[in-house]
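2 protein chains.
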Amino acid sequence: MAERVHPSEVRTVTCVGAGVIGGGWAAYFLARGYRVLAWDPAPDAETRLRHLVDAAWPALTEIGLADGAGVDNLEVAATLAQAVDGTDFVQESAPEKLDLKQQLLADIDQAAAPHVVISSSTSGYGMTEMQVKCVHAERTVVGHPFNPPYLIPLVEVVGGASTSAEVVAWTSEFFRHAGKSVITMDREVPGFIANRLQEALWREALHMVAEGEATVEQIDQAITDGPGLRWPVQGPCLTFHLAGGQGGMAHMLDHFGPSLLSPWTRLVAAELTPELRDAMVEGCEREAAGRSIDELVAERDRGVIAVLRALGKA
Amino acid sequence: MAERVHPSEVRTVTCVGAGVIGGGWAAYFLARGYRVLAWDPAPDAETRLRHLVDAAWPALTEIGLADGAGVDNLEVAATLAQAVDGTDFVQESAPEKLDLKQQLLADIDQAAAPHVVISSSTSGYGMTEMQVKCVHAERTVVGHPFNPPYLIPLVEVVGGASTSAEVVAWTSEFFRHAGKSVITMDREVPGFIANRLQEALWREALHMVAEGEATVEQIDQAITDGPGLRWPVQGPCLTFHLAGGQGGMAHMLDHFGPSLLSPWTRLVAAELTPELRDAMVEGCEREAAGRSIDELVAERDRGVIAVLRALGKA
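Same order as they appear, the protein sequences are chains A and B.
Using the working numbering, read the first sequence as starting at 348 and increasing by one per residue.
Using the working numbering, read the second sequence as starting at 348 and increasing by one per residue.
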């Protein structure tokens, strides 16, 4: 029986699904120099896939293609069996319906050699509930991208109850080797991490529009011209680490902790226990990795200026 | 009695408060060519203010100074009366304590000529509760910046119950003339707009750390390498307008509306009434202003690539 190749030895990737995410994955893998086998049950799958890849290609070319990369390395297969024949990795990006995902993963599981890792782009389901019909469930894992997958680096990797730890590690290493920014989660949480953060913001936005507190345009402007300019540079925790002045996150939480009780969002805050306070402070200190507040401020300013300039806002 | 100058005729600005926000405002106004009078009751106020301005100056110089701009245009006054003498506008950036703000605004109100607009940097209080001790409360208004005020364009302008509509309009126009991105709110909402959105995300982050669902580093990486790369380019509403494919926000809400019931954040969603659905769709169409989904996708990709490159992530 063939063995799983090392993550750095992957040459052929199968993309199942010809929607925006599946097509985006295909374009990304092609740009990174992989051979891509694709399949979707829709009759116009090949047309849609090639359109999606062609639409993404100028952006990918501008960023820079890997040696040997090209749209000619895309083969749209007529059957799932052909699409997984000889593949080293499968990325499933089907519509977000649980029963459909369960059956499709079972079909891929049956068709693909047992050593091949099968990753799902699902944005909401846990692999535990999706892998139930798979015989070789140990090689099924979530690899959740962000739209567009060919530009946004983040991939969240998390296994289900039957997924082997080795597959979670292999998948994380494969995505990293393919140029992605990988978060490996050690437990399933609905929505993973980034979607939970994004969804909290989104739901507050919907409440505000529903109540007439803000318009759609005001919400978008509030983010694009406000905190959204800091977030590609420093995440929300490091941002507040700097909001505390020289005292950092410790000062921020000790002095502004009471504001967690303010009605500044409809989401009730976590209780600021000493344990949570210390976890936030220690996490920021690990992230700062010895950089002083002044150094982090200078880095933030350089980053924000670069973003402002890049977008013609400076 | 002197009259209020036109927003474009403002020459002298008073900054009250020598903290990170007050110092940031002073640096910004200096860079835009204003004469800045500053005051803070702390004995080391001048040292702190000049340090803050000096720290921000390289960034402001890099972005580009207005004609005649210079740190020499900063005068740190010995008294509040001197700081408002002959000023055209006052920006108050004192610590976030209600009784302190109420008394300080009353002191500024007593010291400054009645035609001078007094704006507060408060991040949480409404002007209605802050202006209670002012005689000329009609000229007090919130002008809420984001840290650092010398780089982040957003200012949220909103009046209190006693603020005149003309002052809200004047303040909005002044900040726009000074180069800011202004949101004028027609009603007071705790936390205004951007802080509510940011706070919802932040509270979900704190919950996740408290429950061991994610680390501080994972939360920051999830934003900086994920949705945070889109948000300086397109806000959360326009982002989801594109997530709906060619059908835009209408398709997104009609097909993914049920996901609002998913436990993807601890914040319970607004009910997706037909009115809310239409408000979101119409808002996105107004923002799109005739640009097709394909055109918006291309704009997003150009923006994200520019941000990735600017930050050395591409």
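For each residue, glycine too, the CB sits at the ideal point set by N, CA and C.
Given the structure is predicted, the values throughout are model-derived calculations rather than measurements.
CB contact check: residue i to chain A, cutoff 8 angstroms
i                     : result
residue 372 (chain B) : no
residue 578 (chain B) : yes
residue 378 (chain B) : no
residue 528 (chain B) : yes
residue 477 (chain B) : no
residue 608 (chain B) : no
residue 498 (chain B) : yes
residue 656 (chain B) : yes
residue 590 (chain B) : yes
residue 329 (chain B) : Because residue 329 (chain B) is not part of the residues shown, which for chain B are 348 to 661, the question remains open.
residue 471 (chain B) : yes
residue 630 (chain B) : yes
residue 661 (chain B) : yes
Closer than 7 angstroms at the beta carbon, the chain B residues around residue i
i                     : result
residue 664 (chain A) : Since the first residue shown for chain A is 348 and the last is 661, residue 664 (chain A) is missing from the structure and cannot be characterised.
residue 653 (chain A) : 657, 658
Residue i versus residue j - alpha carbon distance
i                     : j                     : result
residue 354 (chain B) : residue 520 (chain B) : 6 angstroms
residue 407 (chain B) : residue 424 (chain A) : 55 angstroms
residue 475 (chain B) : residue 508 (chain B) : 5 angstroms
residue 434 (chain B) : residue 605 (chain B) : 55 angstroms
residue 543 (chain B) : residue 603 (chain B) : 24 angstroms
residue 453 (chain A) : residue 510 (chain A) : 14 angstroms
residue 487 (chain A) : residue 621 (chain A) : 38 angstroms
residue 470 (chain B) : residue 503 (chain B) : 10 angstroms
residue 532 (chain B) : residue 409 (chain B) : 32 angstroms
residue 653 (chain B) : residue 619 (chain B) : 35 angstroms
residue 383 (chain B) : residue 528 (chain B) : 21 angstroms
residue 550 (chain A) : residue 607 (chain B) : 8 angstroms
residue 566 (chain A) : residue 552 (chain A) : 7 angstroms
residue 538 (chain B) : residue 506 (chain B) : 13 angstroms
residue 390 (chain B) : residue 365 (chain B) : 11 angstroms
residue 461 (chain A) : residue 431 (chain A) : 11 angstroms
residue 599 (chain A) : residue 589 (chain A) : 9 angstroms
residue 351 (chain A) : residue 514 (chain A) : 10 angstroms
residue 396 (chain B) : residue 592 (chain A) : 14 angstroms
residue 546 (chain A) : residue 400 (chain A) : 28 angstroms
residue 656 (chain A) : residue 377 (chain B) : 21 angstroms
residue 385 (chain A) : residue 450 (chain A) : 18 angstroms
Contact set between residue i and chain B, taken where Cβ atoms lie within less than 9 angstroms
i                     : result
residue 493 (chain A) : 572, 573, 574, 576, 577
residue 481 (chain A) : Going along chain B, no residue has its Cβ under 9 angstroms from residue 481 (chain A), so there is no contact; the nearest lies around 23 angstroms.
residue 599 (chain A) : Neighbours of residue 599 (chain A) on chain B: none; closest Cβ ~11 angstroms, over 9 angstroms.
residue 418 (chain A) : Ordered by position in chain B, no residue passes the 9 angstroms Cβ test against residue 418 (chain A), which lies about 17 angstroms from the chain.
residue 650 (chain A) : 657, 658
Closer than 8 angstroms to chain B by CB, residue i
i                     : result
residue 542 (chain A) : yes
residue 448 (chain A) : no
residue 518 (chain A) : no
residue 409 (chain A) : yes
residue 623 (chain A) : yes
residue 474 (chain A) : no
residue 501 (chain A) : yes
Contact set between residue i and chain A, taken where Cβ atoms lie within less than 8 angstroms
i                     : result
residue 547 (chain B) : 547, 548, 550, 551, 612, 613, 614
residue 633 (chain B) : 563, 564
Residues that residue i bridges to, as DSSP identifies them
i                     : result
residue 490 (chain B) : B:504
residue 382 (chain B) : B:359
residue 438 (chain A) : A:362, A:466
residue 528 (chain B) : B:501
residue 422 (chain A) : A:384
Chain B contact residues for residue i, given Cβ-Cβ distances below 8 angstroms
i                     : result
residue 583 (chain A) : 545, 548, 549, 552, 566, 567, 570
residue 401 (chain A) : Correct list: empty, because the minimum Cβ distance to chain B is about 12 angstroms.
Where residue i meets chain A, residues with beta-carbon distance less than 9 angstroms
i                     : result
residue 560 (chain B) : 532, 534, 536, 540, 543
residue 556 (chain B) : 584, 617, 623, 626, 627, 630
Closer than 7 angstroms: residue i CB and nearest the ligand ATP heavy atom
i                     : result
residue 374 (chain A) : Among the components of this structure there are no ligands whatsoever, and the ligand ATP is therefore not found.
Chain-ordered neighbours of residue i on chain A, where CB pairs are closer than 7 angstroms
i                     : result
residue 406 (chain B) : 648, 652
Next on the checklist: Assess contact between the stretch 552-568 of chain B and the stretch 466-481 of chain A, defined as three or more Cβ pairs (one per stretch) separated by less than 8 angstroms. Is contact present?
Outcome noted: Taking 8 angstroms as the limit for Cβ pairs, the verdict is that the stretch 466-481 of chain A does not touch the stretch 552-568 of chain B.
Item to check | Given 8 angstroms, three or more beta-carbon pairs between the stretch 436-456 of chain A and the stretch 362-376 of chain A | outcome: Flag = yes, the stretch 436-456 of chain A and the stretch 362-376 of chain A touch.
Item to check | contact_flag[the stretch 408-422 of chain A, the stretch 448-457 of chain A] where n(CB pairs < 8 angstroms) is 3 or more | outcome: In short, these stretches do not touch, since the Cβ pair count stays below three.
Checklist entry - Would you call the stretch 605-624 of chain A and the stretch 610-618 of chain B in contact, with 3 or more CB pairs under 8 angstroms? => result Three or more beta-carbon pairs separated by less than 8 angstroms link the stretch 605-624 of chain A to the stretch 610-618 of chain B, which places the two stretches in contact.
Checklist entry - For the stretch 571-579 of chain A against the stretch 497-506 of chain B, are there 3 or more C-beta pairs whose distance is under 8 angstroms? => result Contact between the stretch 571-579 of chain A and the stretch 497-506 of chain B is present, because at least three Cβ pairs lie under 8 angstroms.
Item to check | Under 7 angstroms (Cβ pairs) to chain C, residues found in the stretch 429-453 of chain A | outcome: As a matter of chain content, chain C is missing from the structure shown, whose protein chains are A and B.
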